[in-house]
Structures are given as structure tokens and as C-alpha cells.
Amino acid sequence: QEYTLRLHQFLPAQANVPVQVLDVWADTIEEESGGRIEIQRYPAMQLGGTPPELYDQAVDGVADIVWTLPGYTPGRFPQTEVFELPFMMTDAEATSRAYWQLAEEQDWFSSIFSDVHVLGLWVHGPGVIHSGEPVTTPEDLAGVKLRAPTRVTNQLFTNLGATTVGMPVPAIPESLSKGVIDATVIPWEVTPSIRLTELVTNHTEFEADPLYTATFVLAMNQAAYDNLPEDLQQVIDDNSGLEFSAMAGATMQEYDAPGREIAVEAGNNIITLTEEQIEPWRAAADQTIENWVAEMDGQGLDGTALLDRARALIEENTSE
Amino acid sequence: MTALRPLVTLIARVMALLGGLVLVALVILTCLSVIGRGLVTLGHSDVLTGAAPGLAGWLNGTGVGPIPGDFELVEAGVAFAIFAFLPICQLRSGHATVDIFTNLMPGGIARTLVVFWEIVLALTLVLIAWRLYEGFSDKLRNGQTTFLLQFPVWWAYGASLIAASAAALVGVWCAAARAAETVTGRPIMPPPGEADH
Amino acid sequence: MSNLEIGFWSFPVLLGMIFLRAPIGLAMFLCGIGGLWLATGSDSMFLAKLKSESYSTFSSYSLSIIPMFLLMGQFATLSGMSQALFRAAESFLGHRRGGVAMAAVGACAGFGAICGSSLATAATMSRVALPEMRRYGYSGGFSTATLAAGGTLGILIPPSVILVIYAILTEQNIAKLFLAAFIPGLLAALGYMITISLYVRRHPDAAGTRPPVPMAERMRALADVWPVLLVFGLVVGGIYLGWFTPTEGAAVGAAGTGLLALASGNLTWALFKQSVISTAIATAMIFFIILGAALYNSFLALSQVPQELSAWVVGQGFSPWLVLTLILAFYLVFGCLMDSLSMILLTIPIFFPVVTQLDFGLSAEGFAIWFGILVLIVVEVGLITPPVGMNLFIINAMDRDTPMLATYRAVMWFVGSDIARVVLLVLFPSITLFLL
Ligand code: NA
Ligand code: NA
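Protein chains in written order, with my numbering: chain X, 132 to 451; chain A, 3 to 199; chain R, 2 to 437.
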């Protein structure tokens, strides 16, 4: 091969996203490049550093491609948080499409993401609360040490009454087994790869109206991209963007079912909230949205417009 | 060389003490957080809400609880403390080494090796401080904050940078002092270990 | 040179630097950045990496347990608490040759289990126990070796972080792994006790002994230490009961011993400063090694040496038992140089799918658990096998009067016990799987 690209990410190699999204993507690139590109895969932070550093590793060329959450570096991608607000998402594919489209419309690629070459933007399936003690109402969260992935989700659960701790996915099993946290939010899809159903036995789903999601970015070092000859850049371009993002989001949600099945088989307590049961959550969550809009306005980002546009795009894609 | 020794010693001791005070502050903060969380658990426990609902309600109304963002404060504080501990470790030759082969070597060679590594170590500490400065500049530019308290990450980097610079400074002096010791044959560095005076 | 060759060459270079008396952390740091430089063909990658590497290594919540426990140990020593504790232990065990060493191994095992890091255990326990063991007439090498070995026991005692990680990588049940670790853990502790009694029989002057103390005096010694026992009990019990995390436990312990020291009137400002400086030197020494190891491990991952070597071992068509032996030997050697966690993360995903194809006459789950326990034990043994072992380096650096060679000599006894245990567990998988 002529070009070797290092792909660095935080999940173990056999987790769903590496196997079903990243490996598929990387294999396609290798094949379509006629073997001229090799993509070396470094799962589980093997190249060192912590997950919040992944984005900068792509900026600085420590890795050539990284998969991470914009939310791991709060304050740098405030606009992407709009998709993480409570009760925004419908399903992962529609929301992922909306995420890419909004990024294009608002030209995030030459503003917040200007220091990398963005390959994909997507969200995961409906977020689920996994806890030691059953959680049905927001009051059940009082005094619970809960891990949430990003700034906005942390605010959401703080407003709901939990004691939140922000930490990346790989820290969850250790923290649960040491008692640093007693609950975490995460979609079903990731649960098998961190053996979550053995660490906690209560799972609260918001099936009628998903409570939250988190945003992802697959980013490439700009120089590494620019270094490729045009035909190879074309191979990369053909496999990234809107359709790839939609596929990635859809795939993540598709793998929620097998993850859930493991919890069912283990005889865990799965609480699926009804419309009425979700109502008090909605009321408690409004605060988070208002705060966020005010905060964006304060930064001159027009929170209301962002919120409205994101909602409209999600709806457009969902009704199709 | 020798003239600078009191100053270098002062820098190393002050940094160690600052790091120690930060560490003690983190210890206290963490304990308060544990107590706060314990009170929340108590206030919502079946025992207390059953036996003394008034007391439970009052407890929950006081707003006591774990200190928000204790996790983040520990992370930022302990990084500063460890950087601040580097100068004294340098000055007291506290780094772990294996001396089985050097003990068998002629004294002159062994002493030259000590000087050589002291110089390399000093250069490494300068490298660490310089790169940390670059990391600090990045964080200053990109406005990254922490999850919960949302204080700028560059604050934490900046504090660590000050301590790392002190470590680099002390490291350079130690290297120079070791070199001068070999040339003049007179001891300049304080003896290794923890003896204090 | 290919990256693979650079990776292989880094071992002799690292060893050479260490034997030429380079500080351990520095040697790893230099091999790490040198390797990254050669392997990527430019200085830009390691320079970029260093922008955040030192800060992120030092700002770890779970590692913050190290300075906190070190401070606790310092307070306990200064206020006379650890002396009192050892006086009590000695009054019960002092007439038995090696009794205090056995107590220290027990303490290391309990401590290692809660803190989850052998390095932190070794460092903390040597702060508390080393001076006391020396005071009771134990030889330097025997004391350092005992504590280094004791520090490796924690990995088998729940809640072991590495067991959780192994379970995740191999998709095994965490609770069953914890259960399976029980008998091997017990065997390890037993093996060390036997080792100690054999060692002191062979070297009678390595451990002090004296006539039994009357029960009344023992009770008096015990009465002196109730506040310390209270604090230690609160820390250990609180962590086990889930009242607080290990880091919080360390803070509670440091605060508790600090208050006791204040109450005893021993904690003057001058002594406080001295505690802080001792804590500072030990903390900086340990974290500099951790930083070097982090860089070196990133380079090894990039060089693909562990990945290629493990692929080679499984690709040779050897008999199952030879493959298993090679794998365990591989972990023993790499255990010298790499942190256990990095090594497991790098190699298990490669080894595991292939070794599960080998026939050892076990069920798939039984094999996965047995293999996991064996690997975890061997990785930890690597930490105490001379000439390179992180536990040995750290403990020896805590005791300036003891030459490295003395530590090497004494620790070989414990390594012998470890190897005997591994052979036993390999030959009789049912020992590990008995409780399942
Ligand atoms: Na070793
Ligand atoms: Na020594």
C-alpha cells in the first residue's frame, strides 16, 4: 500500500460500532482504493491518551482518523448539542440525517470543524437509563450517582435531580464496579461491549419518545486527507457524508435490539415508560432546553433558530 | 552554581508545599462530598422517611449534597500537585534507578553516567514543559471547558504549566550542579533521600 | 527498518538504558518518543502527543488514589500510628519467625484488592510497612521482596479492575470470573506464606524473632491501636460496602489519619511539611514512571510488536499445550515492560479468538475463564521478576539502604512460588473452575 492511515477510537474492537460501522467503512476504502490505502485500526485507545483527546489527535495528526463525541470536549462544538437536548431525537437515522444537513446548511465544516476533514456525523439510538435501583420517575434519581456522556446530558440529569459525573464510555464498567457511579445512560447497542447487564439490572426505556441521544463525529486529519491524490480523495468522499452518516446512525439503532435481548435473557428488570409516565420527565426536562437556548443566545449563536431548524430537519427526515 | 542553591531549594520546597496544600484541599473536598452524598441517601432512605418524615423533609430541603463537580476538581487539582512534586523529586534525586551494574563499574564512569542522565532528564523536563505550553495555548484558543463546572480547561493546564516550568528550571540547575560537582569534586547537590533541614 | 523491527529493538535499548542507571521513567519516556519518531518518520506525532500526554496522565481520577494514600501513610507514620499497628501485629506474631512479613502480605492483598493497582499498593504499603519491618529486624531485601510480591495479590481479589476488563474483551460473565479467581487467589496467599516460612528457615537472620508476649500485653498493644484500626476499617469496609469509591476511601483515610495525628499532638507544621515532602518525592517518582510507560506503550501499540508476536504464536500450528506455554511466557516477558492493563488490551483481542479454537477438553466458557485467570496471574508475576519489574523498582526506590541486588535475590523465592502455582493451575484447570 502507498498510504497508511491510523484509525483511533475508544471502544473495544469487537463492539458494534467498530465492527458494523468503522470496519465496514475502512474495508470498503481499502478495497476501492485497490489496496493503495491501508487503514490500521487502533481500538480501545491503544495509541494512548484519553477519549476527550481523540479530536485533538485528529487535528494534530497523532491519529489520521478518529471516531469520537463532540460532547467529550464541552465548549468547542456548542451547536452540535442541539441534537442532544431532551426529547429531540426520533430515530437515529432521521436524526443523523438532520445532523449532517444542519452542519452543511450552517457550514460547520469551515467553522467549528474547520481544523479536521469531517467524514461522518451521526447520533445513536434512543438513550436508556441503566441503574442499580429501578427508575420510573425523575424523583427516583435523587441521590443517584449517574454517568452521562456530554455537557448537555449532564445538565439534563442534574436538572432531573441526579448527581452526575461526566465520563467517557470506557470508564463505565470500572466506575460501576467500584461504586463511583450507580447508574449510567447509554443506548442498548453499547451495553454488550461493556457487559452492562451484569453490572446493573434495571433499565428504563423511553420508547414512545426517546429521552436523549448523543452526537458522534468521524474526523480525518486535514493534512492526511490533502496528501492523498485526487482519485483516492474521491474514494474517501464517495464513502463519507450524508448517506454514510445516515447508515451509521441506522446501524447503531439496529443493534439496540440484540443488546436489549441480552438484558431480557438475563431476566433483568426492563421498565418501558408509557406516554403518561413520560409526562413528568418532559416537564422536568424543559428547564434544560430553556437554559441551553439562553446560553446559546448569550454566545451570539441564536439558540431558538438552531432549535427550530434542528426540529424541522428531524421532522422532515422522520416523516419520509 | 552553589550560590543559586538556596533559591532552587526554595522553589522546589514551595512548589512541593503548594502541591501538598492542594492535595490536602482535595482530600477535604472529597470527604465533604462523601458526607454530603451520605446525607442525601439518608434523607431519601426508607428508614428516615418512615420514622421521621419531618426530619427527612428538612434534610432534603437544606440542599445538602455531594459537591458538584468534585470529580473534575480532583482531576485538575491532582495534575497540578503532581507537576508541583516534580522539582523536589529532582532536587533530592528521588527517581527510581537500577544500580546493580553501575556498582560494579569504576567510580569515574558511574559518576559520569549520573551526570549524563541528569542532563538528559533536565532536557526531558524542558521538553515536557514546552509541549505543555503548546497544549495550554490550544486550550486557551479553543475554549474547551469541563463537563459540569464548565470552567475552562486552560485554567488547569495553566496551573500545571507553572509547576512544570518550575520542574524544568530545577532540573536544569540539578544537571548543571551535577556536572560542576564532577569537575570540581566538591558536593553541591543536597544528599539524596528525604533528610530535611 | 520496519516498525516491527524498531519495536523489537526498543527492548534491548530500554534494558541497556536501565542498566546504565537511567531513571526508569526516563528510559521508558525516551524509548517511547524515540520509537514514535522512528516509526512515523517525523517528530510531529510525538510532539503533538506530548501536548496533552503529561497532563492527562497526571489528571487521572483513579490514579489520584496514589498521592492520597501516600499522604495517609505519611500521617500514620508520623503520628506513630503505623508503629503502634506493627507493635500490635508483632506482639501477636513476633514469636513466629516471619510472622510480621506474613501480616504484611495479608495487608498488601487486602489493600491491593481495593485500590486496583499493584503499583499503588506496593508504593503505599512500603511507606507504612517497610520502616516497621526493618525495625523488627527484617533484612532489607526480604522486606522489599515481600511487599513487592504482596502487591501483586490484589489482582485476584474482587473488585479487580483487570478482571472486569478481561471479561469485557472476551465477553465473559464478570461475576463468574470473580468467583473463579477465588481459589487461585487463596493459593497465592498460601504460597507466599509458605515461601516466607521457607525463606526465614533458610536465612534465619533475615527476620527477627523473640519469645511470645503474654496475652495481657498483647491486649494492651491492641488497645493502643483502636483509632488506627477504626480508620483503616472505615476505609476498607467503606469501599467494600460501596459507601465510597477507592479514591474517596483514600481521601477519608488521609483525613482520618491526619485528624488522629493532629489529636495526638504530633502533627506540627514542621512535621506536616516533612510529610508533604516525602509524599511529593514518592508521588513524583511513581508518576514519572507511569508517564514513561504510557508513552512507551503507545509506541509499542503503533509498532504492532505485541499484535504481530501474538499472531505469530497462534499461527505456527503448535500443539495446544505448547501454544499455551508460549503465550504465558510471552506475558511473563512483556509483564516486565508494560503495564498489565495496556498489555491485556493489546493482546487479548488477538490471542483470544484463536486460543478458543484449541482443544483442552474444557467447555468454551470454562476455557475462557481458566485462560483469563492464568493470563492475569502471569502478567502480575512479570511485575516482580528480575531484572525488570515495576513493583521491584518502585519499592526499592522507597528504601535507599537496600541494594537492588538484595531485592532481586529475595524476590526469586516469591517468583518460584508463583511459577509453582501457575504450573499447578495449568495442569489442573478444575482448581480454577471448581466453584463455578
Ligand atoms: Na519482570
Ligand atoms: Na534501593
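A virtual CB, placed ideally from N, CA and C, is assigned to each residue, including glycine.
This one's a predicted model, so the numbers in the text were calculated from it and none came from an experiment.
Distance from the CA atom of X/N400 to the CA atom of X/H334, rounded to whole angstroms, is 6 angstroms.
Using a Cβ-Cβ cut-off of 9 angstroms, R/N397 is close to nothing in chain X; its nearest Cβ partner there is about 27 angstroms away.
For the segment 280 to 298 of chain R, the residues whose beta carbon sits under 9 angstroms from a beta carbon of chain A are, in order, T280, A281, I282, A283, T284, A285, M286, I287, F288, F289, I290, L292. When DSSP states are grouped into helix, strand and coil, A/P154 belongs to the strand group.
With a beta-carbon spacing of about 5 angstroms, A/C91 and R/I282 fall inside the 8 angstroms limit used to define contacts. The beta-carbon distance between X/S324 and X/L142, rounded to whole angstroms, is 6 angstroms. This is short enough to meet the 8 angstroms contact definition.
Within the segment 128 to 161 of chain A, the residues whose Cβ lies closer than 9 angstroms to any Cβ of chain X are, in chain order, G137, D140, N144, G145, Q146, T147, T148, F149, L150, Q152, P154, V155. In the DSSP assignment, X/N358 forms no beta bridge with any residue.
In chain order, W175 place their CB closer than 8 angstroms to the CB of A/L6, counting only its own chain and leaving out the 5 sequence neighbours on each side. Contact between X/G256 and X/P209 fails: their C-beta atoms lie close to 24 angstroms from each other, not under 8 angstroms. In chain order, T99, V100, D101, F103, T104, A112, L115, V116, W119 make up the part of chain A whose C-beta sits under 8 angstroms from the C-beta of R/R22. Residue environment for A/D72: buried (at least 16 other C-beta atoms within 10 angstroms of its C-beta). Around A/V42, the beta-carbon contacts reaching into chain X at under 9 angstroms are A273, G274, T294.
Among the residues of chain R, none has a CB under 8 angstroms from the CB of X/Q151; the nearest is roughly 16 angstroms distant.
Cβ-Cβ separation between R/S276 and R/F76: approximately 6 angstroms, consistent with a contact (criterion under 8 angstroms).
Judged by their CB atoms, X/G274 and A/V80 are not nearer to each other than the 8 angstroms cut-off. In the DSSP assignment, the residues bridged to X/Q171 are X/R137. Contact between X/V249 and X/V152 is absent: CB atoms are separated by about 15 angstroms, not below the 8 angstroms threshold.
For R/G243, at least one C-beta of chain X is nearer than 8 angstroms to its own C-beta. Ranked by how close their Cα comes to the Cα of X/L178, the residues R/V314, R/A312, R/Q305 have R/Q305 in first place. Think of a sphere of 7 angstroms around the beta carbon of X/G434: no beta carbon from chain A falls inside it, the nearest being about 16 angstroms out.
Interface criterion not met: the Cβ of X/D428 is under 8 angstroms from no Cβ in chain R. Between A/A169 and A/A18, the alpha-carbon positions lie close to 10 angstroms from each other.
Unbroken alpha helix (DSSP H) runs of no fewer than 4 residues, entirely contained in the segment 82 to 153 of chain R, are found at 82 to 94, 100 to 116, 119 to 136, 141 to 152, following chain order. The criterion of a C-beta distance shorter than 8 angstroms is satisfied by R/G95 and R/T210.
The segment 326 to 336 of chain R makes contact with the segment 374 to 394 of chain R; the number of CB pairs closer than 8 angstroms reaches 3 or more. For R/V165, the chain X residues whose Cβ falls inside 7 angstroms of its Cβ are P304, E305, S308, in order along the chain.
Any Cβ of chain X closer than 8 angstroms to the Cβ of R/S53 would place that residue at the interface, and such an atom is present.
Sequence-distant Cβ neighbours of X/V247 in its own chain, meaning closer than 7 angstroms and more than five residues away, are A189, V190, A350, M351, N352, Q353.
Sequence-ordered contacts of the segment 199 to 233 of chain X with chain A read T204, P205, G206, R207 [C-beta pairs closer than 8 angstroms]. With fewer than 16 other Cβ atoms inside 10 Å of its own Cβ, X/D357 counts as exposed. Among the residues facing chain A, R/K177 is not included, as its CB has no counterpart in that chain under 8 angstroms away.
The segment 22 to 42 of chain A makes no contact with the segment 177 to 188 of chain A: fewer than 3 CB pairs, one atom from each, lie closer than 8 angstroms. Each residue's CA atom was taken as its position, placing R/S92 and R/L199 some 22 angstroms apart.
Collapsing the DSSP output to three states places R/E172 in coil. By the neighbour-count criterion, in which 16 or more other beta carbons inside 10 Å mark a residue as buried, R/S364 falls on the exposed side.
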